[in-house]
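So for the sequence shown, my numbering puts the first residue at 1338; every next one is plus one. Glycine included, every Cβ here is placed at the ideal spot set by N, Cα and C.
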Amino acid sequence: MKLTTMTQVTVDGVMQGNGGASDEDRRNGFERGGWAMGAGDNETMTFINQTYQRADAFLFGRRTYELFAGYWGAMDPGSGPIADALNTRPKYLASNTLTEPRWADTTVLSGDLAAAIGELKAKAAGELQVHGSGALTRWLLENNLVDEMNLLIVPVVVGQGTRLFPDNGPDIALDLVESRAFPKGITIQVYRPAGRPQYAAD
């Protein structure tokens, strides 16, 4: 399966607390949650719905898994395309601490995570999607396990919060696969990791 990541970020790279409540994620004193609300439009929502619907399975880090399980996992069948996709397809949870997941059709991956994800990727054609899950996404990139990275960039600078890319991390060259702008200013950038960047010679 192709492993793709989907991350909503601000222009300054923050991914923390994008959702529907200002107090969704207050770690490290973050006070600017909900920054993605109101920025979307029908075209953006259609794109997000279609993204979830094309997934064959989902891979989560623990924090995002618990957030999604409590919200999307509580919805009845027919509630909407995102809920239906999440509730009817296999889910994989990368965690060494959560051993008894409450969301149906969840498999916990622990121990040698790289090997477990490698086995998933080696399966028949399809798409294994990672939504949010910042720590997991960073780890997947560091371990060269991401086939395609989708950045949904919201036109706002929030000036604080956890960023997708750390101040010190691996360097990654990216090939642009697709770029698209939506009516209210959100853009989607689809990248394919392409090894290390080329640097100017000394």
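Endpoints, the beta strand (DSSP E) within which residue i is located
i     : result
M1486 : 1485-1491
Q1345 : 1339-1347
T1444 : 1443-1446
Cut-off 7 Å between Cβ atoms - residues of its own chain near residue i, not counting five sequence neighbours on either side
i     : result
D1512 : Y1528, R1529, A1531
E1464 : M1338, K1339, T1341, R1391, A1392, D1393
V1483 : L1340, T1342, L1477, P1530
A1472 : G1398
A1406 : R1439, W1440
Helix, strand or coil at residue i [DSSP, three-state]
i     : result
D1512 : strand
K1521 : coil
E1464 : strand
P1427 : coil
Y1536 : coil
Q1526 : strand
Residues of its chain near residue i, where Cβ-Cβ distance is below 6 Å and the 5 sequence neighbours each way are ignored
i     : result
W1409 : A1420, L1423
L1489 : Q1345, I1525
P1427 : A1394, D1442
R1500 : G1350, V1351
C-alpha gap between residue i and residue j, whole angstroms
i     : j     : result
I1454 : T1425 : 20 Å
A1518 : P1492 : 11 Å
M1558 : Q1390 : What is shown of the chain runs 1338 to 1539, which leaves residue 1558 out entirely.
D1349 : K1460 : 36 Å
T1383 : D1449 : 36 Å
M1486 : R1400 : 20 Å
Endpoints, alpha helix (DSSP H) assigned at residue i
i     : result
A1394 : Segment 1394-1398 is the beta strand (DSSP E) holding A1394; no alpha helix (DSSP H) there.
T1436 : Careful: T1436 lies outside any alpha helix (DSSP H) and carries neither H nor E.
R1475 : 1471-1479
E1456 : 1450-1458
T1388 : 1379-1390
Buried or exposed (CB count within 10 angstroms, at least 16 for buried), residue i
i     : result
N1433 : exposed
Y1429 : buried
P1438 : buried
Same chain only: Cβ atoms within 8 Å of residue i, ignoring 5 sequence neighbours per side
i     : result
E1403 : L1435
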